[in-house]
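Numbering (my numbering), first residue to last: 124 to 471. Right, one structure below, let's go through it.
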């Protein structure tokens with residue numbers, strides 16, 4: 124076959140293909156151009172059309188056929204008042220944003236985190252550990268942080284009995300750590316800790332994460348069921364070498380009468396800054412950034428109304444909250460992961 128004939132054959136095949144596309148033909152097609160001598164199968168038009176339709180079949184989020192999904196607080200047996208409050212909250216967001224919003228009720232918080240990862244929930248309130256779990260695959264971004272007495276985060280501390288042979292790296296007068304954290308914590312290698320309980324962020328998980336981050340391996344600890352009990356144990360100096368509590372558990376009113384000299388006898392070796400959060404309200408990162416900001420603005424307006432405050436308290440148990448950037452949780456998540464504990468088991 125000469126070059127001129129080959130060119131005519133190629134043009135003819137291309138013309139046939141163009142006509143078939145215009146006419147909507149979908150039967151399989153197999154074409155051999157005869158240039159290289161090797162038959163070359165072409166993709167079927169049916170497959171191409173199916174893929175195109177699949178791409179077009181997913182509606183925009185926030186529309187009737189693809190609504191935003193507001194998750195209520197997890198419960199196997201949701202109360203009717205919670206369901207009604209959730210519906211009211213969804214209706215408000217819908218009215219203010221124009222997005223279609225529906226509600227779901229997950230059985231457990233682990234189920235909720237799974238739903239967020241799969242795109243089966245878009246707006247939710249998460250406990251600190253559930254948020255950390257969801258952040259592992261970047262499936263959520265925080266919008267609001269719950270506040271208590273005006274604060275969205277709180278700190279922790281590592282304490283010792285002043286008679287022990289430890290060097291404090293926290294300046295009580297100036298209220299700040301001094302020196303290097305790794306050096307400060309190396310003192311606790313193979314030492315026995317007193318922990319509050321197995322899910323306490325300030326009394327166990329975050330201090331443990333800080334120790335592990337500094338490559339310090341303490342001995343197995345004693346769990347004393349309460350942070351004032353940790354202070355008592357360190358004060359008595361007969362159970363453990365050091366303890367961990369929130370900042371500052373030494374001032375707890377229930378210790379004041381029996382331990383008037385506790386501030387002097389129990390010393391802070393290192394203070395962890397306020398990085399431990401309360402609940403938050405997060406949204407799925409599957410949604411566009413601007414859509415998340417629109418919902419955030421609507422919820423800010425909602426919190427400014429008595430009805431909105433009552434509804435959020437009913438649905439999530441949140442009385443006060445403030446807008447927050449997702450990066451504010453970075454150090455908390457890093458230390459939770461550094462602890463090496465199973466996140467799912469920490470979620471109550």
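Cβ coordinates follow ideal geometry from the N, Cα and C atoms, glycine included. None of the values given here were measured: they were computed from a predicted structure.
C-alpha gap between residue i and residue j, whole angstroms
i, j, result
"residue 221", "residue 372", "47 Å"
"residue 357", "residue 292", "17 Å"
"residue 310", "residue 248", "39 Å"
"residue 467", "residue 231", "11 Å"
"residue 218", "residue 204", "21 Å"
"residue 431", "residue 208", "9 Å"
"residue 295", "residue 386", "10 Å"
"residue 397", "residue 212", "31 Å"
"residue 446", "residue 361", "45 Å"
"residue 411", "residue 334", "38 Å"
"residue 271", "residue 444", "8 Å"
"residue 392", "residue 279", "11 Å"
"residue 210", "residue 273", "28 Å"
"residue 284", "residue 469", "29 Å"
"residue 368", "residue 378", "14 Å"
"residue 315", "residue 355", "15 Å"
"residue 251", "residue 465", "14 Å"
Reference residue i; option with closest CA among the options
i, options, result
"residue 395", "328, 198 and 209", "328"
"residue 188", "462, 207, 225 and 273", "225"
"residue 300", "198, 281 and 312", "281"
"residue 277", "366, 323, 193 and 202", "323"
"residue 254", "456, 383, 342 and 463", "456"
"residue 268", "450, 461, 462 and 243", "450"
"residue 192", "198, 199 and 184", "184"
"residue 307", "259, 365 and 471", "365"
"residue 229", "303, 245, 197 and 464", "197"
"residue 352", "376, 216 and 335", "376"
"residue 223", "330, 418, 464 and 461", "418"
"residue 286", "388, 215 and 242", "388"
"residue 426", "195, 186, 215 and 462", "215"
"residue 460", "186, 257, 241 and 240", "257"
"residue 242", "206, 270, 194 and 275", "194"
"residue 336", "391, 463, 202 and 206", "463"
"residue 265", "453, 355 and 471", "453"
"residue 458", "245, 367, 283 and 330", "330"
"residue 409", "370, 202 and 245", "245"
"residue 448", "275, 320 and 206", "275"
Residue i (DSSP reduced to helix, strand or coil)
i, result
"residue 368", "strand"
"residue 404", "strand"
"residue 186", "strand"
"residue 322", "coil"
"residue 360", "coil"
"residue 465", "coil"
"residue 170", "Residue placement at residue 170 cannot be trusted, given a pLDDT of 47 that sits under 50; the coordinates are not used to answer."
"residue 232", "helix"
"residue 445", "strand"
"residue 410", "coil"
"residue 279", "strand"
"residue 181", "coil"
"residue 248", "strand"
"residue 293", "strand"
"residue 397", "strand"
"residue 303", "coil"
"residue 351", "helix"
"residue 473", "The requested residue 473 is not part of the displayed model; the chain covers only 124 to 471."
"residue 269", "strand"
"residue 193", "strand"
"residue 201", "coil"
"residue 286", "coil"
Buried/exposed call for residue i, threshold 16 Cβ in 10 Å
i, result
"residue 338", "exposed"
"residue 289", "buried"
"residue 399", "buried"
"residue 326", "buried"
"residue 298", "exposed"
"residue 434", "buried"
"residue 200", "exposed"
"residue 342", "exposed"
"residue 259", "exposed"
"residue 312", "exposed"
"residue 332", "buried"
"residue 344", "buried"
"residue 380", "exposed"
"residue 181", "exposed"
"residue 359", "exposed"
"residue 186", "exposed"
"residue 374", "exposed"
"residue 416", "exposed"
"residue 429", "exposed"
Closer than 6 Å: residue i CB and nearest the ligand GDP heavy atom
i, result
"residue 214", "You won't find the ligand GDP in this model; it holds no ligand whatsoever."
Closer than 7 Å to chain B by CB, residue i
i, result
"residue 416", "The structure shown has no chain B; it contains just one protein chain."
Q.
Three or more C-beta pairs under 8 Å: does that hold for the segment 234-243 against the segment 422-434?
A. no
Q.
Check whether the segment 398-413 and the segment 432-449 touch, using three or more Cβ-Cβ pairs below 8 Å as the test.
A. yes
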